[in-house]
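Notes for the one structure printed next.
In my numbering, the protein residues as written are 242 to 462.
As structure tokens, this is what we get:
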């Protein structure tokens, strides 16, 4: 059974992301503060749950959370600052969007949440000095496989995954030939064959190796 709290602080936030390995679409981050009496025996790392279970858990998390936030970072920003930095920046943006200032942050992975702050980039949110100082002021701990150890990180992973899947379902209607409704932008054979046939879109991450043999790709408007 997953643990509720790592730090002992009441307003402890768990944060995670989804879509880091995709060829198209955003990387989506979420942050969640759970109440001290929260309990759910089904909640786990989103990758260990079926789509049906994730969809059932989403409203439960949203209803019972003290507060939560979700952020998409899109392909242009991923290409400019790289996917690792974009994943971290997305989680930082989520912390800033919470209605309560966290007393402590736990983050899935092996990288401190404030490892890089205030990068100057052309796309997306620019952090103010005040926001940077706020992020620096909150103690945080990275936890390897934290989404399978702590409920708040698992809750964040479920929200990040479900919100990202909903986004991919929407843009599937714009470019149905890539079947994003099914593959969610991941590098399946079907997705890569569609890139080979139809070229790329504004949603594709051009800094990624979209095909095994990286050819010069046409851009699909």
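Beta carbons: idealized from backbone N, C-alpha and C, even for Gly. The structure displayed is predicted, hence computed values, not measured ones.
- Residue pairing of residue 382 in beta bridges, as defined by DSSP: 347.
- Residue burial annotation: residue 418 is exposed, with fewer than 16 other C-beta atoms found within 10 angstroms of its C-beta.
- Of the candidates 247, 444 and 453, the residue whose Cα lies closest to the Cα of residue 313 is 444.
- Nearest in C-alpha terms to residue 270, of all of 301, 345, 291 and 326, is 326.
- If one requires a minimum length of 3 residues, the beta strand (DSSP E) runs lying completely within the segment 286-354 are 308-314 and 345-349, in chain order.
- Residue pairing from DSSP places residue 391 in a beta bridge opposite 244.
- Using a C-beta cut-off of 8 Å, the segment 328-337 makes contact with the segment 359-375, since at least three inter-stretch Cβ pairs fall below that distance.
- When beta bridges are read from the DSSP output, residue 254 appears opposite 274 and 346.
- In the structure shown, the three-state DSSP call for residue 429 is coil.
- Beta bridge pairing from DSSP links residue 445 with 265.
- Excluding the 5 residues flanking it on each side, residue 321 has same chain C-beta neighbours closer than 7 Å at 362, 363 and 364, in chain order.
- For residue 422, the uninterrupted alpha helix (DSSP H) run begins and ends at 421-424, by DSSP.
- When secondary structure is reduced to three states using DSSP, residue 259 falls in the strand class.
- With fewer than 16 other Cβ atoms inside 10 Å of its own Cβ, residue 341 counts as exposed.
- Sequence-distant partners of residue 380 (beyond 5 residues in either direction) whose C-beta falls short of 6 Å from its own C-beta, in its chain, are 345.
- Cβ neighbours of residue 280 within its own chain (closer than 8 Å, five residues either side excluded): 245.
- Here DSSP, grouped into helix, strand and coil, assigns residue 363 to coil.
- By the neighbour-count definition (other C-beta atoms within 10 Å, threshold 16), residue 412 is a buried residue.
- Within the same chain, and ignoring the five residues on either side of residue 385 in sequence, the residues whose Cβ sits closer than 6 Å to its Cβ are 351.
- A straight line joining the alpha-carbon of residue 263 with that of residue 448 spans about 11 Å.
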